[in-house]
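Undergrad: Here it is, the structure in full.
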Amino acid sequence: MAGLAKGRPVKVTVMKKLVDILRPHGNHWVGDGFPVRSLFSYQGDTDAISPFLLFDYAGPGNFEPNDGPPRGVGQHPHRGFETVTIVNDGEVSHADSLGNSGTIGPGDVQWMTAAGGIIHEEFHSKGFSRSGGPFRMVQLWVNLPAKDKMSAPKYQAITSADIPTVAFEGGEARLIAGELDGVTGPASTFTPINLWDVRLDADAEVTLDLPEGHNAMIAALTGHVTIDGQRVGEAEIARFSTDGTGAAVRADGDSTLLVMTGEPIDEPVVGHGPFVMNSEAEIRTAISDFNAGKFARPAA
Ligand code: MN
Numbered sequence: 017m018a019g020l021a022k023g024r025p026v027k028v029t030v031m032k033k034l035v036d037i038l039r040p041h042g043n044h045w046v047g048d049g050f051p052v053r054s055l056f057s058y059q060g061d062t063d064a065i066s067p068f069l070l071f072d073y074a075g076p077g078n079f080e081p082n083d084g085p086p087r088g089v090g091q092h093p094h095r096g097f098e099t100v101t102i103v104n105d106g107e108v109s110h111a112d113s114l115g116n117s118g119t120i121g122p123g124d125v126q127w128m129t130a131a132g133g134i135i136h137e138e139f140h141s142k143g144f145s146r147s148g149g150p151f152r153m154v155q156l157w158v159n160l161p162a163k164d165k166m167s168a169p170k171y172q173a174i175t176s177a178d179i180p181t182v183a184f185e186g187g188e189a190r191l192i193a194g195e196l197d198g199v200t201g202p203a204s205t206f207t208p209i210n211l212w213d214v215r216l217d218a219d220a221e222v223t224l225d226l227p228e229g230h231n232a233m234i235a236a237l238t239g240h241v242t243i244d245g246q247r248v249g250e251a252e253i254a255r256f257s258t259d260g261t262g263a264a265v266r267a268d269g270d271s272t273l274l275v276m277t278g279e280p281i282d283e284p285v286v287g288h289g290p291f292v293m294n295s296e297a298e299i300r301t302a303i304s305d306f307n308a309g310k311f312a313r314p315a316a
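Going left to right, the sequence shown walks through residues 17 to 316 as the working numbering numbers them.
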């Protein structure tokens with residue numbers, strides 16, 4: 017107890033338990049631009065992943081130079097949640113019915129709150145399309161509480177330069193959202209969320225501080241790590257218990273991880289394609305609102 021006598025706070029880390037490892041359960045193309053592995057979706061156990069809804073990992077892959085129209089996915093709607101696009105390699109251009117448009121490249125993040133309804137398109141940038149090259153990105157869907165599902169849509173363009181880095185022995189974390197070691201990420205969120213882009217050196221052994229009461233998941237994007245004696249390889253996600261305040265990770269080689277934690281939203285989840293609401297009736301309304309042209313279209 018000598019440490020206490022000196023008046024220093026004693027931090028007690030209780031490890032979160034590794035509950036399971038989520039593996040890709042399907043490959044598909046989103047439009048003709050995004051070859052995606054789906055690591056989780058709202059079609060599974062939504063309580064286990066709340067407040068997150070869907071995790072698509074596009075690439076890693078390589079695109080040939082293309083003189084034709086850029087590959088991607090044309091105008092489509094979303095309602096009831098947020099889409100978070102994190103580009104690792106390549107460039108993605110976006111335009112939406114709020115009049116926002118832009119291109120994000122390696123290290124940049126686009127945090128789009130669809131909420132009451134948005135229509136957007138997502139394509140390879142013209143420059144990347146022409147040059148071709150390596151391509152890798154994540155799209156994560158984040159749920160909104162019922163009270164915010166029909167709020168005004170909005171858009172946060174977060175460049176790599178906006179994202180602070182917390183260095184620690186064996187690696188570093190770029191904080192997109194949430195807080196680590198007193199440093200706060202730039203994304204504003206509706207419910208408490210951490211989203212960290214973490215890099216670990218080979219053989220690093222770290223304990224990440226993760227909040228008590230949050231669902232927590234760590235996706236291995238490149239490399240592989242060992243958690244609780246289990247190997248978590250590329251495109252796999254370790255899912256942890258809500259109780260506990262830390263996760264111990266050993267990097268078996270240079271690795272990049274996406275760390276996601278969030279306070280669960282304890283409400284029903286009913287999803288249908290690009291709409292995620294709380295009831296079937298709200299899904300029917302979303303479909304009829306969209307068909308009736310009540311979602312604004314991107315500016316020409
Ligand atoms: Mn979309």
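Note that the Cβ used here is the ideal one computed from N, Cα and C, for glycine as well.
Can you check the stretch 120-162 for any beta strand (DSSP E) of at least 3 residues that lies completely inside it and give the ranges in chain order?
TA: Entirely contained in the stretch 120-162, the beta strand (DSSP E) runs reaching 3 residues are, in chain order, 125-129, 134-140 and 149-159.
Undergrad: Per DSSP, D311 is paired with what?
TA: Your numbering for residue 311 matches position 295 in the sequence shown. According to the sequence as given, residue 311 is Phe; it is not Asp. For F311, which the question treats as bridged, DSSP gives no partner whatsoever.
Undergrad: Compare the Cα-Cα distances from G123 to each of S109, E98 and V103 and report the closest residue.
TA: For the purposes of this step, residue 123 is taken as residue 107 along the sequence shown, with counting starting at 1. Answer by Cα proximity: V103.
Undergrad: Looking only at its own chain, which residues have a Cβ that is under 8 angstroms from the Cβ of A21, when we skip the five neighbours before and after it?
TA: In the sequence shown, residue 21 corresponds to position 5, counting from 1. Since pLDDT at A21 reaches only 48, below the 50 mark, its modelled position is unreliable, and no value is offered.
Undergrad: At the level of alpha carbons, what is the spacing between D48 and F139?
TA: As a first step, residue 48 is located in the sequence shown; it is residue number 32 there, counting from the start. As a first step, residue 139 is located in the sequence shown; it is residue number 123 there, counting from the start. Going by the C-alpha atoms only, they are around 9 angstroms apart.
Undergrad: Given this structure, state the Cα-to-Cα distance separating G289 from I303, to the nearest angstrom.
TA: To locate residue 289, count along the sequence shown from 1; it is residue 273. To locate residue 303, count along the sequence shown from 1; it is residue 287. Roughly 10 angstroms separates the two Cα atoms.
Undergrad: So the alpha helix (DSSP H) A264 belongs to, where does it begin and stop?
TA: Translated into the one-based positions of the sequence shown, residue 264 becomes position 248. First-last for A264: G262 to A267, but that is the beta strand (DSSP E), not the alpha helix (DSSP H).
Undergrad: Excluding the 5 residues flanking E195 on each side, which residues of the same chain have their C-beta closer than 8 angstroms to its C-beta?
TA: Position 179 of the sequence shown holds residue 195. Here the set comprises G201 and N210.
Undergrad: Taking 7 angstroms as the limit between beta carbons, can you name the residues of its chain near A254, skipping five residues before and five after?
TA: In the sequence shown, the residue the question calls residue 254 occupies position 238. Within the same chain, A254 has close Cβ partners L34, I37, M233, I234, I243 and V248.
Undergrad: Considering just the uninterrupted stretch of the alpha helix (DSSP H) at I65, what are its terminal residues?
TA: Within the sequence shown, residue 65 is the residue found at index 49, counting from 1. First-last of the alpha helix (DSSP H) with I65: T62 to I65.
Undergrad: Check each residue's C-beta against every heavy atom of the ligand MN and list, in chain order, those closer than 6 angstroms.
TA: After applying the 6 angstroms Cβ criterion, the set is H92, H94, T99, H136 and E138.
Undergrad: With distances taken from CA atoms, which of K170, M293 and A308 is nearest L160?
TA: The residue given as residue 160 occupies position 144 in the sequence shown. Ranking K170, M293 and A308 by Cα distance to L160 puts M293 first.
Undergrad: Who are the near neighbours of V46 in its chain, counting only those whose CB is closer than 6 angstroms to its CB and skipping five residues on each side?
TA: Here residue 46 refers to the residue found at position 30 of the sequence shown. Closer than 6 angstroms at the Cβ level, and outside the excluded window around V46, lie V52 and V89.
Undergrad: What do you get for Q126, buried or exposed, if any count of 16 or more other CB atoms within 10 angstroms of its CB means buried?
TA: What you label residue 126 is simply residue 110 of the sequence shown in a count that begins at 1. With 16 or more Cβ atoms within 10 Å of its Cβ, Q126 is classed as buried.
Undergrad: Can we count G186 as close to the ligand GDP, meaning its CB is less than 7 angstroms from some heavy atom?
TA: The ligand GDP is not part of the structure shown, which contains the ligand MN as its ligands.
Undergrad: Does the beta carbon of P280 sit closer than 8 angstroms to a beta carbon anywhere in chain B?
TA: Absent here is chain B; the protein component of the structure consists of one chain.
Undergrad: What are the boundary residues of the beta strand (DSSP E) that includes E98?
TA: Within the sequence shown, numbered from 1, the residue matching residue 98 stands at position 82. Its beta strand (DSSP E) spans residues F97 to D105.
Undergrad: Just the Cα atoms here: how many angstroms apart are L114 and A263?
TA: In the sequence shown, residue 114 corresponds to position 98, counting from 1. In the sequence shown, residue 263 corresponds to position 247, counting from 1. Roughly 39 angstroms between the two C-alpha positions.
Undergrad: Rounded to a whole number of angstroms, what is the C-alpha to C-alpha distance between F184 and Q59?
TA: As a first step, residue 184 must be located in the sequence shown, where it is residue number 168. As a first step, residue 59 must be located in the sequence shown, where it is residue number 43. Answer to the nearest angstrom: the Cα atoms are 37 angstroms apart.
Undergrad: Write down the C-beta distance between T258 and P284 rounded to the nearest angstrom, noting that I regard them as a contact closer than 8 angstroms.
TA: Your numbering for residue 258 matches position 242 in the sequence shown. Your numbering for residue 284 matches position 268 in the sequence shown. With a Cβ gap of about 19 angstroms, T258 and P284 do not count as contacting.
Undergrad: Can you tell me the Cα-Cα spacing of G309 and S271, whole angstroms?
TA: In the sequence shown, the residue the question calls residue 309 occupies position 293. In the sequence shown, the residue the question calls residue 271 occupies position 255. Going from the Cα of G309 to the Cα of S271 covers about 45 angstroms.
Undergrad: Let me know the secondary structure DSSP gives L20 once reduced to three states.
TA: Taking the sequence shown and counting its residues from 1, one reaches residue 20 at position 4. Caution is warranted here: a pLDDT of 48 is assigned to L20, below 50, making its placement in the model unreliable, and the coordinate value is therefore given only provisionally. Looking at L20 - three-state DSSP - the assignment turns out to be helix.
Undergrad: Given a threshold of 16 other Cβ atoms within 10 Å of its Cβ, counted over all protein chains shown, does A297 qualify as buried or as exposed?
TA: Here residue 297 refers to the residue found at position 281 of the sequence shown. Its Cβ having fewer than 16 others within 10 Å, A297 is exposed.
Undergrad: Under the rule that 16 or more other beta-carbon atoms within 10 Å means buried, what is V214, buried or exposed?
TA: Stepping through the sequence shown from its first residue, residue 214 is reached at position 198. Label assigned to V214: buried.
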